[in-house]
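Asker:
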Amino acid sequence: MSLATYPPNYESFARMQNELKTSDQVTVEFIIPALEQLMLRHISKEARILDLGCGTGQLVQQLHIRGYQTTGLDASKELLEYARKNAPESEFILSDVREFELPPIFDGVFSKDVLLFLLNIEELTAVFQNVYAAMQDNGLFVFTIPLTDWLHEIAPPIFDHVNVNDECALIEIFYYKPEERMWEIKVTGFELIENIWKRSDTTWLRRDFFLTEVQSGLEKVGFTDISHYNLKDFGADESAGMACFVCRKPSLTR
Ligand SMILES: C[S@@+](CC[C@H](N)C(=O)[O-])C[C@H]1O[C@@H](n2cnc3c(N)ncnc32)[C@H](O)[C@@H]1O
0 MSLATYPPNY ESFARMQNEL KTSDQVTVEF IIPALEQLML RHISKEARIL
50 DLGCGTGQLV QQLHIRGYQT TGLDASKELL EYARKNAPES EFILSDVREF
100 ELPPIFDGVF SKDVLLFLLN IEELTAVFQN VYAAMQDNGL FVFTIPLTDW
150 LHEIAPPIFD HVNVNDECAL IEIFYYKPEE RMWEIKVTGF ELIENIWKRS
200 DTTWLRRDFF LTEVQSGLEK VGFTDISHYN LKDFGADESA GMACFVCRKP
250 SLTR
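Mind the numbering: the sequence shown is residues 0 to 253 in numbering that gives the first Met the number 0, read in order.
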């Protein structure tokens, strides 16, 4: 029996996520240029942007520095504590992506490495609906998601990610079950606290979706101008099978 919880529990891993996962360097060198191409050049310089599943807030801060009005939303209280320190002038909301309700104020919504934690197409479509409701007409929604269509060709059944610095280590071992399109991620973290190494373990579940499922979910909710790209074309890890979707909330007065 799997002991995985949903949303994934970051409680004991917040420091490792903050120090080892999305650094300012990765954000500036990889994410901002991709986002510039897919979203930023198409919206105004003062636009309001929502980072859905913002984690520890590095991207929120980089967007704030560039003049955007930024909000981060995440289900993890512990990650948001880091986000508030990393991006002290931005707004943060503790909420589940499946349940949030915000007025239609955002010109852009971005979500990276978050929707893969949703375990079925109904939940994914519910998130699309919430995003749509929170967006201005003509707003752009950009998100990453792993596509079954690509993973089945390339995914090894097991692989791992290891991230280490002097005081933390994070080991994630991914086991893929192709028949269920599910990934079980066994996570082990170590952090040095007052000269003693503390170990934490958990399991996260994630899944992938067919291209047609994602496209029809977006269309059902009302998004238009839907396109998708392979993240490896933006320099991402080739084994991840990750797509980046871009779509628009149409203007009803157009
Ligand atoms: C792999 S991290 C990615 C964080 C950040 N987007 C980045 O790229 O660095 C996944 C994030 O999604 C958040 N998350 C996962 N499921 C969520 C849900 N149902 N509602 C809100 N946040 C969720 C986690 O708390 C975590 O911050």
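For glycine and all other residues, C-beta sits at the position ideal for the given N, C-alpha and C. Keep in mind that this is a model prediction, so the values were computed, not measured.
Count the CB pairs spanning the segment 12 to 20 and the segment 78 to 86 that are closer than 8 angstroms, and state whether there are at least three.
Answerer: Flag = yes, the segment 12 to 20 and the segment 78 to 86 touch.
Asker: In terms of alpha-carbon separation, which member of M241, L146, G240 and M134 lies closest to S250?
Answerer: Of the candidates M241, L146, G240 and M134, the one whose C-alpha sits nearest the C-alpha of S250 is M134.
Asker: Would the C-beta of T255 count as close to ligand 1, meaning under 7 angstroms from any of its heavy atoms?
Answerer: Since the displayed the chain opens at 0 and closes at 253, residue 255 lies outside it and no answer follows.
Asker: Check whether the Cβ of L204 sits closer than 7 angstroms to any heavy atom of ligand 1, and report yes or no.
Answerer: Because no heavy atom of ligand 1 lies under 7 angstroms away, the Cβ of L204 does not count as near it: no.
Asker: May I ask you to verify whether the segment 95 to 111 touches the segment 121 to 134, counting CB pairs closer than 8 angstroms and requiring at least 3?
Answerer: Judged by Cβ distances under 8 angstroms, the segment 95 to 111 makes contact with the segment 121 to 134, as three or more pairs qualify.
Asker: What do you reckon, are the CB atoms on C243 and L19 nearer than 8 angstroms?
Answerer: No, the pair does not count as a contact, with Cβ atoms beyond the cut-off.
Asker: Ends of the beta strand (DSSP E) at N137?
Answerer: M134 to P145 is the extent of the beta strand (DSSP E) around N137.
Asker: Going by the beta-carbon positions, is the gap between R206 and L62 smaller than 8 angstroms?
Answerer: It is not a contact, given that the beta carbons lie outside the stated cut-off.
Asker: Give every residue of the same chain whose Cβ lies closer than 6 angstroms to the Cβ of T223, excluding the five residues on either side of it in the sequence, and list them in chain order.
Answerer: If we look at T223 and ignore the five residues flanking it on each side, its Cβ neighbours are R247 and P249.
Asker: When DSSP builds the beta bridges, which residues end up paired with E183?
Answerer: Answer is Y174 and L204.
Asker: Leaving out five residues on either side along the sequence, give the residues of the same chain with a beta carbon under 6 angstroms from the beta carbon of D200.
Answerer: Here the set comprises T187.
Asker: With a threshold of 6 angstroms on Cβ separation, who are the neighbours of M38 within its own chain once the five nearest residues in sequence on each side are excluded?
Answerer: Correct list, in chain order: G107, L139 and V141.
Asker: So is R47 buried or exposed if we call it buried at 16+ other beta carbons inside 10 Å?
Answerer: When all chains shown are included, R47 counts as buried.
Asker: State the CB to CB distance for the pair F109 and G234, rounded to an integer number of angstroms; the pair is presumed to be in contact (CB under 8 angstroms).
Answerer: 17 angstroms between Cβ atoms; not a contact.
Asker: Contact check, I144 vs L115 under 8 angstroms by CB: the rounded distance?
Answerer: Yes, I144 and L115 are in contact; Cβ-Cβ is about 6 angstroms, under 8 angstroms.
Asker: So, helix, strand or coil for M0, using DSSP?
Answerer: Note that M0 has pLDDT 43, beneath the 50 cutoff, so the model's placement of it is unreliable and the number below is only indicative. Coil, per DSSP.
Asker: Which residues are close to ligand 1, meaning CB closer than 5 angstroms to any heavy atom, in chain order?
Answerer: Here the list is P6, T21, G52, G54, D73, A74, S75, L78, D95, V96, K111, D112, V113 and F116.
Asker: Might you give, ordered along the chain, the residues of its own chain that have their beta carbon closer than 8 angstroms to the beta carbon of M0, omitting 5 neighbours on each side?
Answerer: Here M0 scores only 43 on pLDDT, less than 50, and its place in the model should not be relied on; the value that follows carries that caveat. Within the same chain, M0 has no close Cβ partners at all.
Asker: Would you report the Cα separation of I31 and L58, rounded to the nearest angstrom?
Answerer: Approximately 8 angstroms between the Cα atoms of the pair.
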